[in-house]
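Below: the structure, in structure tokens.
Residue numbers (this note's numbering): 1 to 251.
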């Protein structure tokens with residue numbers, strides 16, 4: 001299979017996406033058509049920029065640059081999560097970045113030293129894509145957890161005030177909120193793993209098969225990344241919620 005795609009061939013995919021854009025426009029859904037068009041342009045520009053950047057990073061393959069990029073990716077994910085969860089971004093940036101890094105680094109090290117063992121060990125071609133997969137999948141669940149923790153019903157507020165009045169600490173008073181947030185955020189990854197391989201082939205496995213890897217080898221890597229994603233998500237959410245307790249000024 002030819003894994004190198006000429007830019008002229010890729011252009012056909014932009015032509016095919018014009019069809020739903022035109023249909024939406026004709027259905028008087030011009031706002032939706034514009035939003036979709038803008039998102040396609042943004043996606044293309046962002047991926048091209050990151051593609052050229054990563055090509056440069058891969059060629060340099062410097063430990064310091066790789067670590068700076070890793071921390072930058074994590075900080076962006078943390079700040080994005082805080083913003084979507086209606087939390088103060090500046091105050092949340094450091095604790096949420098720390099929570100995600102603490103959760104992600106052990107999984108990333110296992111990929112480097114146990115599963116792949118690249119040379120050099122800090123190879124950007126392994127470190128950055130794996131970190132990106134872990135962060136990208138953790139982001140959605142982290143937003144769900146933080147949003148559920150911060151958006152409270154009147155009953156939540158009354159219960160929180162009552163427990164605080166009775167002498168409960170911040171963590172103790174918010175245990176019910178933390179548990180509810182954990183349950184809400186865990187549902188997507190549980191549902192995803194429950195149907196993996198039956199409903200659709202996952203991205204990493206599909207990419208390896210298209211690249212010529214043996215299907216069983218691709219399955220091994222997919223199992224590893226799914227276990228890593230679930231561990232990173234769970235630990236990042238637990239730590240983020242615990243750290244968020246100390247950012248919570250209510251009561």
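Heads up, the beta-carbon is just placed ideally off N, CA and C, and yes, glycines get one too.
Range of the contiguous alpha helix (DSSP H) that encloses residue i
i, result
"residue 116", "Unbroken run through residue 116: none, as it is neither H nor E."
"residue 59", "30–60"
"residue 122", "Neither: residue 122 is in no alpha helix (DSSP H) and is coded neither H nor E."
"residue 82", "63–84"
"residue 6", "Careful: residue 6 lies outside any alpha helix (DSSP H) and carries neither H nor E."
"residue 192", "175–195"
"residue 244", "215–245"
"residue 207", "203–210"
Cβ separation of residue i and residue j, assumed to be a contact under 8 Å, to the nearest whole Å
i, j, result
"residue 138", "residue 55", "The Cβ separation is near 26 Å, so there is no contact."
"residue 122", "residue 66", "5 Å"
"residue 131", "residue 73", "6 Å"
"residue 174", "residue 245", "5 Å"
"residue 149", "residue 177", "5 Å"
Same chain, Cβ closer than 7 Å to residue i, five either side skipped, listed in chain order
i, result
"residue 222", "202, 204 and 205"
"residue 89", "79, 82 and 83"
"residue 33", "21, 24 and 25"
"residue 17", "40"
Cβ shell of residue i (< 6 Å), same chain only, five flanking positions each side left out
i, result
"residue 104", "134 and 232"
"residue 124", "57, 58, 61 and 66"
Residue i at chain D interface by Cβ criterion, 9 Å
i, result
"residue 124", "You won't find chain D in this structure, because it holds only one protein chain."
Cβ neighbours of residue i in the same chain (closer than 8 Å, five flanking residues each side left out)
i, result
"residue 188", "140, 141 and 144"
"residue 37", "21"
"residue 127", "66, 70, 108 and 112"
"residue 30", "24"
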